[in-house]
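Numbering (my numbering), first residue to last: 148 to 494.
Note sheet for the following structure.
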């Protein structure tokens, strides 16, 4: 197994203090999963195929790009696809909200969350539903919106919905961290929970990544690829190379923003300042003031699509460009076969 251990005495002491809490957290997850497996906790079985995308570790492993990749593939087959999300970062949704009926976003990202909004914008033909109780969202998508196949976002631990294909994402650089559950490590469950997975995707893969741990299913590699175009906040496009020679302030409220900044530099942009923000950052007065402070003598702001959906040009002191990320997936044969088996059931 590829694990990260404590590197010095203070880290070892901290790990020793947190280990009991991590063990307890892991045991709670283990017991809960067994209760679902034995049928002692109720599970909703949708009348259509269900694909779940999730991860074992807390924090960002690139779920949204993978969901986007799957949705695009399924839409390309002419299917009525629904994404069901919890809507992290949204504003107080109690029941279910339809973000898209198959014609693009209907609600503000402040209500539904940035990722469901982005999925609806990038895939306007898709159905997108946000529901804290995702079984309610799944029922709505099938019974009211006519979904033929469901994609559950961030659902590896959401066992209240049965799934036909369980896709688990692991960060290629540190698949299991130190192998311990929160708060002693990064995991939401013990590593043994990976036995529930059908396919495993290593995200952010690059040359030099360690070999993955032994996994009970096919392993695919993927990486994020920076697009060749930049868009303003109204969606108008221009070649990314148009930003060469300009003084750029880059900001991002995503997991691992350093990767985004590094990609921009590798594409020839002159980043005179970078501003990493919390994942799912809220662009309130405080955040906007921070952007004003770092603007300095820059020519342009550059950010991610996920951040751009929450911003308006009038809020910013500089022009702003968003640069989309796409997903490149390798060794797709096992995924191709699994999707073919699922879609063959759709009439």
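Cβ coordinates follow ideal geometry from the N, Cα and C atoms, glycine included.
This structure is a prediction, so every number in the text was calculated from the model and none was measured.
Neighbour-count burial assignment, residue i, 16 or more Cβ in a 10 Å radius
{"i": "residue 480", "result": "exposed"}
{"i": "residue 230", "result": "buried"}
{"i": "residue 457", "result": "buried"}
{"i": "residue 178", "result": "exposed"}
{"i": "residue 262", "result": "buried"}
{"i": "residue 156", "result": "exposed"}
{"i": "residue 431", "result": "exposed"}
{"i": "residue 285", "result": "buried"}
{"i": "residue 348", "result": "buried"}
{"i": "residue 160", "result": "exposed"}
{"i": "residue 278", "result": "buried"}
Residues near residue i in its chain [Cβ-Cβ closer than 7 Å; skip 5 each side]
{"i": "residue 342", "result": "363"}
{"i": "residue 221", "result": "228, 296"}
Own chain residues within Cβ distance below 6 Å of residue i, not counting five before or after
{"i": "residue 302", "result": "199, 201"}
{"i": "residue 356", "result": "319, 320"}
Identity of the residue in the options nearest residue i by Cα
{"i": "residue 372", "options": "223, 187, 476, 278", "result": "476"}
{"i": "residue 389", "options": "409, 449, 381, 370", "result": "449"}
{"i": "residue 376", "options": "346, 472, 165", "result": "472"}
{"i": "residue 484", "options": "191, 460, 410, 345", "result": "345"}
{"i": "residue 243", "options": "225, 274, 161", "result": "274"}
{"i": "residue 406", "options": "227, 353, 307", "result": "353"}
{"i": "residue 391", "options": "165, 468, 285", "result": "468"}
{"i": "residue 465", "options": "325, 439, 418", "result": "439"}
{"i": "residue 210", "options": "462, 453, 380", "result": "453"}
{"i": "residue 420", "options": "326, 408, 285", "result": "408"}
{"i": "residue 162", "options": "291, 220, 264, 333", "result": "333"}
Close Cβ partners of residue i (< 8 Å) along its chain, the five nearest in sequence each way excluded
{"i": "residue 176", "result": "304, 328, 335, 336, 337, 340"}
{"i": "residue 425", "result": "400"}
{"i": "residue 251", "result": "267, 268, 271"}
{"i": "residue 207", "result": "401, 402, 403, 426"}
{"i": "residue 288", "result": "229, 231, 274, 276, 294, 297"}
Limits of the alpha helix (DSSP H) - the one that residue i falls within
{"i": "residue 176", "result": "156-184"}
{"i": "residue 215", "result": "210-222"}
Start and end residues, beta strand (DSSP E) containing residue i
{"i": "residue 432", "result": "No beta strand (DSSP E) contains residue 432, which is instead part of the alpha helix (DSSP H) from 432-442."}
{"i": "residue 201", "result": "197-202"}
{"i": "residue 394", "result": "394-399"}
{"i": "residue 376", "result": "376-378"}
{"i": "residue 467", "result": "467-469"}
Do the stretch 391-400 and the stretch 431-446 meet, that is, are 3 or more Cβ pairs less than 8 Å apart?
yes
Spell out a yes or no on whether the stretch 307-318 and the stretch 181-201 are touching, meaning 3 or more CB-CB pairs, one atom from each, closer than 8 Å.
yes
Pair every Cβ in the stretch 281-297 with every Cβ in the stretch 216-235, then say whether three or more of these pairs are closer than 8 Å.
yes
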